[in-house]
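Those letters in the sequence shown? Residues 680 to 814, per our numbering, in order.
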Amino acid sequence: LSGDQVVTYIHPGARIGVAVAFANTNGKDATEVGKDVAMQIAAMNPVAVDKTGVPQEIADKELEIGREQALAEGKPEAIVDKIAMGKLNKFYKENTLLAQDFVKDGSRSVAKYIADELGKDVTVTGFVRLQLGMS
């Protein structure tokens, strides 16, 4: 991970650990916001920071699932691709960190929370989430 500041978090029970990196902090301390964002990652397990980080094979699979569901529901072929794109966009919203609803305040996204607290130029450059096996 690289950035101006890397914040770590160990989830209660010590079975999940997260490190999240921020860039463009301009000297601002991102520790508190970082812990909140790391908690978000621990709880919601996003697949990427944003949709550009989602592997193409995952996006293709989600698009295909959306197409299959629309066809199975008997939707007209003319709108199947539009429905599938809508389902893919929903996948991005639920599974990419910055688009997710912030767990501590569902009225805004994680991106909005970071912008509100640290400024709109601050970005998440990456994260790592480690989880110990369940017994």
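A virtual CB, placed ideally from N, CA and C, is assigned to each residue, including glycine.
As the structure is a prediction and not an experimental result, all values here were calculated from the model.
Notebook entry, point to check: residue 798: which of 706, 751, 694 sits nearest, CA to CA?
Noted result: If we check each option's Cα against that of residue 798, 706 comes out closest.
Check: Between residue 700 and residue 783, what straight-line distance do the alpha-carbon atoms span, to the nearest angstrom?
Finding: Rounded to whole angstroms, residue 700 to residue 783 spans 20 angstroms at the Cα level.
Next item on the list: Take residue 796 and list the residues in its own chain whose beta-carbon comes closer than 6 angstroms to its own, dropping the five residues that flank it on each side.
Entry: Excluding sequence neighbours, residue 796 sits near 712.
Checklist line | 8 angstroms contact criterion, which residue 685 and residue 720 should meet: CB distance rounded | finding: 13 angstroms between Cβ atoms; not a contact.
Check: With a Cβ-Cβ cutoff of 8 angstroms, do residue 680 and residue 728 count as a contact?
Finding: No.
Item checked: Collapsed DSSP secondary structure at residue 809 in the structure displayed -> When DSSP states are grouped into helix, strand and coil, residue 809 belongs to the strand group.
Margin query: Alpha carbons only, please: which of 717, 690, 687 is nearest the one belonging to residue 792?
Written below: Sorting 717, 690, 687 by C-alpha distance to the C-alpha of residue 792 places 717 at the top.
Next item on the list: Could you tell me the boundaries of the beta strand (DSSP E) in which residue 696 lies?
Entry: Note, residue 696: beta strand (DSSP E), 695-702.
Check: Under the DSSP definition of a beta bridge, which residues are partnered with residue 763?
Finding: None, per the DSSP bridge assignment.
Next item on the list: Using three-state DSSP, classify residue 749 as helix, strand or coil.
Entry: DSSP places residue 749 in helix when its eight states are reduced to three.
Checklist line | Where the beta strand (DSSP E) containing residue 733 begins and where it ends | finding: Counting along the chain, residue 733 falls outside any beta strand (DSSP E), and DSSP gives it neither H nor E.
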